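Inspection log for the structure reproduced underneath, given as structure tokens.
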Amino acid sequence: MASLLETRGLTAFYGDFQAIFGIDIDLDAGDTIAVIGANGAGKSTLMRSIAGVIANRSDMVLHRGEAIGAMPAFDVVRRGIALVPEGRKLFASLTVEENLQVGSYGCKRSGPWSLQSVYALFPILKERRGNPATALSGGQQQMVAIGRALMSNPEILLCDELSLGLAPVVIKDIYAAFSRIRASGMAIVVVEQDIAQVLKVADRVYCMMEGRITLTGRPADLDPAKIHAAYFGAD
Ligand code: ATP
Numbered sequence: 748m749a750s751l752l753e754t755r756g757l758t759a760f761y762g763d764f765q766a767i768f769g770i771d772i773d774l775d776a777g778d779t780i781a782v783i784g785a786n787g788a789g790k791s792t793l794m795r796s797i798a799g800v801i802a803n804r805s806d807m808v809l810h811r812g813e814a815i816g817a818m819p820a821f822d823v824v825r826r827g828i829a830l831v832p833e834g835r836k837l838f839a840s841l842t843v844e845e846n847l848q849v850g851s852y853g854c855k856r857s858g859p860w861s862l863q864s865v866y867a868l869f870p871i872l873k874e875r876r877g878n879p880a881t882a883l884s885g886g887q888q889q890m891v892a893i894g895r896a897l898m899s900n901p902e903i904l905l906c907d908e909l910s911l912g913l914a915p916v917v918i919k920d921i922y923a924a925f926s927r928i929r930a931s932g933m934a935i936v937v938v939e940q941d942i943a944q945v946l947k948v949a950d951r952v953y954c955m956m957e958g959r960i961t962l963t964g965r966p967a968d969l970d971p972a973k974i975h976a977a978y979f980g981a982d
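For the sequence shown, the positions run 748 to 982 when the working numbering is used.
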């Protein structure tokens, strides 16, 4: 049976520059996979290629066995694949609530996620719902970015660098919410530079270096020294 989501020989370019080379990943329903690697390894490019932000060949990304690689991003969202982008990319001129509503705009998928359930997950956002999104702290902005993606009621959530630049106490809150989202049965691809954090939540890990997957496995089966070598290229 086909995986929920797979990439097969996925490549991506910025002009003439090739950022990723022949990436194969598999995500099954309800699973969390983590993509780790140093700056510039190609993690964001992989996420953006799956989300349809970067164009690629149709047969390189398959959702339930159907080729979706050439679909524009809004069609990918309609199919139930939502991206929490690196750097959050909130709409500066919109309030918290308006930013959340953008997530469900034009997407008629039904499911458990609504303003109400996002506010239940992140109560602080309800308090701040009338504020401009950019007036929030970094952690709260990350909550808005996650909430906005959830508002499309995805079956697959792509999270790019959830903890980047956030204080440890905030990271704890974000990952507590992440665990609740995961427990709801959502399939998740999470990109992280914080290896210790993702090893705790991932069913399987892919390590990337210079645009290629250098190591994959279940966290319990991966030797830390091998992860280090696959991540940094060190011996
Ligand atoms: P980071 O954690 O720094 O975001 P990453 O693993 O997500 O790293 P990518 O952002 O996917 O890596 O970058 C992969 C390669 O593609 C890098 O060499 C980067 O310089 C290059 N790259 C990324 N975005 C662009 C762009 N818009 N135009 C040109 N090159 C880019």
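Glycine included, every Cβ here is placed at the ideal spot set by N, Cα and C. Predicted model, so just to flag it, every value in this text is computed and none were measured.
Do residue i and residue j have their C-beta atoms within less than 7 Å of each other?
| i | j | result |
| --- | --- | --- |
| L962 | A972 | no |
| L913 | A829 | no |
| G850 | R795 | no |
| A798 | R835 | no |
| N846 | A880 | yes |
| R875 | E844 | no |
| F768 | G958 | yes |
| Q888 | I871 | no |
| A817 | G789 | no |
Per DSSP, what kind of secondary structure is residue i in: helix, strand or coil?
| i | result |
| --- | --- |
| L757 | strand |
| P859 | coil |
| E844 | helix |
| V938 | strand |
| Y852 | coil |
| I871 | helix |
| G769 | strand |
| A781 | strand |
| M933 | coil |
| I921 | helix |
| A882 | helix |
Might you give, ordered along the chain, the residues of its own chain that have their beta carbon closer than 8 Å to the beta carbon of residue i, omitting 5 neighbours on each side?
| i | result |
| --- | --- |
| Q944 | S910, I918, Y922 |
| Q848 | L862, M898 |
| A949 | T779, I780, A781, V937, P966 |
| G756 | G769, I770, D771, M807 |
| T842 | R876, G877, N878, P879, A880 |
| R856 | R825, G827, S899, N900, P901 |
Tell me which same chain residues have a C-beta within less than 6 Å of the C-beta of residue i, skipping the five on either side of it?
| i | result |
| --- | --- |
| D773 | S750, E753 |
| R825 | C854 |
| G787 | none |
| L946 | P966 |
Could you check how far apart the C-beta atoms of residue i and residue j are, in whole angstroms? I think they sit under 8 Å.
| i | j | result |
| --- | --- | --- |
| P814 | T792 | Reading off the sequence shown, one finds Ala at residue 814, where the question assumed Pro. Their Cβ separation, rounded to whole angstroms, is 19 Å, which puts A814 and T792 out of contact at 8 Å. |
| A924 | G777 | Not quite, the Cβ-Cβ distance comes to about 17 Å (not below 8 Å), so this is no contact. |
| V831 | C906 | 5 Å |
| E939 | I783 | 6 Å |
Might you give, ordered along the chain, the residues of its own chain that have their beta carbon closer than 7 Å to the beta carbon of residue i, omitting 5 neighbours on each side?
| i | result |
| --- | --- |
| A820 | A798, G799, V800 |
Checklist entry - How would the residue list near ligand 1 read, in chain order, if you kept each one whose beta-carbon is closer than 5 Å to any heavy atom? => result Y761, A766, N786, G787, A788, G789, K790, S791, T792
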